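Right, one structure below, let's go through it.
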Amino acid sequence: MSERRRRRPGAMEGVLAGAALVSGWLLARAWRPTAPAYPSDRAVPPAGAAGEAGVDGYHAVWDRASPDAPVSRHIQFQYAGMAHQADTAIAGMWLFLATELLFFGGLFFLYIVYRASNQAAFAEASRHAELGIGTVNTVLLLASSAIFAFGHGCAARGRNRALFWTCVATALLGAAFIALKGYEWSEDFRHHLFPGPDFAIGGALGPSAQLFWCFYFFATALHGLHMIIGITLVGWIGWGAHRGRFSAGYSTPVEAVGLYWSFVDVVWLLLYPMIYLAGGTG
Amino acid sequence: MTMLSAFGAWLTLLVLVAAEVAAALVAGSGLAAAGIGVTAAVLVAMTFMRLPSAPRLGAVFAVAGVFWLAVLLGLGGIDPATRQRTQVELRTPSGTPDLPPPLSLAR
Chain H
1 MSERRRRRPG AMEGVLAGAA LVSGWLLARA WRPTAPAYPS DRAVPPAGAA
51 GEAGVDGYHA VWDRASPDAP VSRHIQFQYA GMAHQADTAI AGMWLFLATE
101 LLFFGGLFFL YIVYRASNQA AFAEASRHAE LGIGTVNTVL LLASSAIFAF
151 GHGCAARGRN RALFWTCVAT ALLGAAFIAL KGYEWSEDFR HHLFPGPDFA
201 IGGALGPSAQ LFWCFYFFAT ALHGLHMIIG ITLVGWIGWG AHRGRFSAGY
251 STPVEAVGLY WSFVDVVWLL LYPMIYLAGG TG
Chain P
1001 MTMLSAFGAW LTLLVLVAAE VAAALVAGSG LAAAGIGVTA AVLVAMTFMR
1051 LPSAPRLGAV FAVAGVFWLA VLLGLGGIDP ATRQRTQVEL RTPSGTPDLP
1101 PPLSLAR
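Quick note, the sequences are listed as chains H and P, same order. Residues 1 to 282 in the working numbering are what the first sequence lists, from first letter to last. Residues 1001 to 1107 in the working numbering are what the second sequence lists, from first letter to last.
Below is the structure:
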C-alpha cells in the first residue's frame, strides 16, 4: 500500500512533464514567426529536406551537404539560411556606411564653419574650380551607379554574363572619373591653385581662399581613394561573375559592393555643390 | 533593379543635377543648390541602394548615421551661426607711457 502511494507522485510527474512538453511544442509552433520575404530565399527546398527549424524568423535551408542545394555552400555555420546571412551582411554594410558618412561628416562640418566666416573668399575660390569637368564627372558617376544597380538585378536572376559586362562598364566609368579628376588636378596646379606661396588668388581674400582649396584637394583625394577601392571591388565582382559564382539564391556580395559604390556616389553628390556651385552668379 | 527603372532613376538624377546648376548659376542660390544635391543623394539611397527594401536593422543603421551627422553639423554649427563679430580697432593713444609702472609687492 505504502509502495503504491510512493509510485503515484512519480506517475503524476510523468503525466505533467508530458503535458508540459506537448504544450511547449504547441506554443512553439504557434509562436514560430514566418520567414521574411527576401529575394535570396526564393529557392524552394526539395521535398523532405532537412533543416526546417527557424532561427529569428529565418527558416534554415535544406541540408548543406546536399548536391541539390548550390546555394548552401555559401552559408556560414552560424546562420539559419541564406536570407539570414544576407540580411546580416547587408545590415553590416549599412553600419559601415554610417561610419563612413560620419567620417566625411567631419569634412562637411569644416566646410560649413569656414564658409560661414569666409563667404566672399569661398565664393571667389569656387569660381576658379572647373565646373564643366565636375559636372561631367557627376553624370559619369550617376551612370555607373545606375549600371551597377541594374547589374545587381541581373545577379539576382543568375545572369552572370550580363553582370560581368555591367561590372566592366561600371569600372570603365569609374576609371574615366579618376582620369578626368587627374586632368582637373593638373589644370588646378597649372593655374597655381594649390595652397602655398604661389597661390593664384591674392589680396585680402587670398588666405581664406587657400582654405577652400585645402578642402578641395583633401576632399577630392579622399573621395578618389574611395573610388579606387570601389573600382577594385567592382573588378572582384566582375571576376566572380566571369567564373559564374553568383546565382538567383546567392548575390549578397554584389549587393554589398553596389551599396559601397552608390555611397561613393552619394558623397560626390554632396561635394559637388560645395566645390563647384559655391561661387553663385558672381 | 531592371534596366528601365535604373535608366529612369538616372534620368531623374540628371534633371536634378541640371536644376542644381541652374539654382546656383541662374538664381544665385547656393543654399537651394545644396538642397537639391541632398535630394539627389536621398534619391540614390532610395533607388540604387534600395534603402526601402533593406533589412530592418540596415535601415536603422542608415537612419542612425544621418541622425548623428545631423547632431554633428547641428551642434557644431551653432557657434558659427550665432557668433557676433565686432570690429576692433587697435591704436595707441599719444602721450601714453610705453610701459605701465611696475607693480610693487613690497608694503
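From the three backbone atoms N, C-alpha and C, an ideal C-beta is built for every residue, glycine too. Nothing here was measured: the structure is a model prediction, and the numbers come from that model.
Looking at the strands, I want to know which residues DSSP matches up with residue i.
i, result
"Ser247/H", "Tyr250/H"
In this structure, does DSSP put residue i in helix, strand or coil?
i, result
"Met82/H", "helix"
"Met1049/P", "coil"
"Ser1029/P", "coil"
"Glu13/H", "helix"
"Asn137/H", "helix"
"Gln76/H", "coil"
"Asn118/H", "coil"
"Met1001/P", "coil"
"Ile1078/P", "helix"
"Gln1084/P", "coil"
"Asp198/H", "coil"
"Asp188/H", "helix"
"Pro1055/P", "coil"
"Glu255/H", "helix"
"Gly285/H", "Beyond the ends of chain H as shown, which are 1 and 282, falls residue 285/H; an answer cannot be given."
"His128/H", "coil"
"Pro39/H", "For Pro39/H, the predicted structure reports a pLDDT of 40, less than 50, and the residue's modelled location is therefore unreliable. The matter cannot be settled from this model."
"Leu205/H", "helix"
"Ala278/H", "coil"
"Glu100/H", "helix"
"Asp265/H", "helix"
"Glu1089/P", "coil"
"Gly158/H", "coil"
"Leu193/H", "coil"
Can you tell which of the options has its C-alpha closest to the C-alpha of residue i?
i, options, result
"Gly322/H", "Leu1073/P, Arg1050/P, Ala1009/P, Arg1085/P", "Nothing about residue 322/H can be read from this structure; chain H reaches only from 1 to 282."
"Tyr250/H", "Leu140/H, Ser262/H, Ile237/H", "Ile237/H"
"Val1042/P", "Pro1055/P, Ala1009/P, Gly1028/P", "Ala1009/P"
"Val113/H", "Leu1075/P, Phe1061/P, Val1015/P, Val1026/P", "Leu1075/P"
"Asp265/H", "Ile231/H, Gly279/H, Ala278/H, His242/H", "Ile231/H"
"Thr1082/P", "His226/H, Gly279/H, Ala116/H, Ser126/H", "Ala116/H"
"Ala1019/P", "Pro1080/P, Ala1040/P, Ala1006/P, Val1066/P", "Ala1040/P"
"Met93/H", "Leu269/H, Trp268/H, Ser262/H", "Ser262/H"
"Val139/H", "Gly151/H, Leu163/H, Ala176/H", "Ala176/H"
"Ala1006/P", "Phe148/H, Tyr216/H, Asn137/H, Arg127/H", "Phe148/H"
"Leu95/H", "Leu1014/P, Met1003/P, Arg1056/P, Ala1024/P", "Arg1056/P"
"Thr88/H", "Leu131/H, Glu255/H, Glu184/H", "Glu255/H"
"Arg159/H", "Leu21/H, Arg243/H, Trp25/H", "Arg243/H"
"Phe239/H", "Ser208/H, Arg161/H, Phe217/H, Phe103/H", "Before going further, note that residue 239/H is Trp rather than Phe in the sequence given. Out of Ser208/H, Arg161/H, Phe217/H, Phe103/H, Arg161/H has the C-alpha closest to the C-alpha of Trp239/H."
"Ser208/H", "Gln119/H, Thr166/H, Trp25/H", "Gln119/H"
"Gly174/H", "Gly206/H, Asp188/H, Gly18/H, Leu141/H", "Leu141/H"
"Ala91/H", "Leu1014/P, Ser1053/P, Glu1089/P", "Ser1053/P"
"Ala179/H", "His152/H, Gly153/H, Ala221/H", "Ala221/H"
"Leu233/H", "Leu97/H, Gly24/H, Ala83/H, Pro253/H", "Pro253/H"
"Ala200/H", "Ala125/H, Phe217/H, Val22/H", "Ala125/H"
"Val1066/P", "Gln76/H, Phe103/H, Ile75/H, Gln85/H", "Phe103/H"
"Leu269/H", "Asp1079/P, Met1003/P, Gly1030/P, Val1017/P", "Val1017/P"
"Gly1058/P", "Trp25/H, Thr99/H, Arg73/H, Ala80/H", "Thr99/H"
"Leu1011/P", "Val1088/P, Gly1028/P, Phe1048/P, Gly1077/P", "Phe1048/P"
Listing by chain order, which chain A residues have their CB less than 7 angstroms from the CB of residue i?
i, result
"Gly1074/P", "In the displayed structure, chain A is absent; the protein chains listed are H and P."
Exercise. Could you list the residues in the region 112 to 146 of chain H with a C-beta less than 7 angstroms from some C-beta on chain P, going in chain order?
Key: Ile112, Val113, Ala116, Ser117, Thr135, Thr138, Val139, Leu142, Ala143, Ser145, Ala146
Exercise. Indicate whether the contact test is met: 3 or more Cβ pairs, each with one atom in the region 239 to 249 of chain H and one in the region 263 to 275 of chain H, closer than 8 angstroms.
Key: no
Quiz item: Mind listing which residues of the region 236 to 267 of chain H have their C-beta closer than 9 angstroms to chain P's C-betas, in chain order?
Solution: Glu255, Gly258, Leu259, Trp261, Ser262, Phe263, Asp265, Val266, Val267
Quiz item: Taking a cut of 8 angstroms between CB atoms, which residues from the region 1032 to 1049 of chain P lie near chain H?
Solution: Ala1033, Ala1034, Ile1036, Gly1037, Val1038, Ala1040, Ala1041, Val1044, Ala1045, Thr1047, Phe1048, Met1049
Practice problem: Scan the region 163 to 186 of chain H for residues whose Cβ lies nearer than 8 angstroms to a Cβ of chain P and list them as they occur along the chain. | Solution: none
Quiz item: Can you find at least 3 beta carbon pairs, one from the region 178 to 192 of chain H and one from the region 100 to 116 of chain H, that sit closer than 8 angstroms?
Solution: no
Quiz prompt | Contact list for the region 204 to 223 of chain H against chain P, Cβ threshold 7 angstroms | solution = none
Practice problem: Could you name the residues of the region 1005 to 1033 of chain P whose beta carbon sits closer than 7 angstroms to any beta carbon of chain H, in the order they occur along the chain? | Solution: Ala1006, Phe1007, Ala1009, Trp1010, Leu1013, Leu1014, Val1017, Glu1020, Val1021, Ala1024, Leu1025, Gly1028, Gly1030, Ala1033
Quiz item: Any residues in the region 75 to 92 of chain H with a beta carbon nearer than 7 angstroms to a beta carbon of chain P? Which ones, in chain order?
Solution: Asp87, Ile90, Ala91
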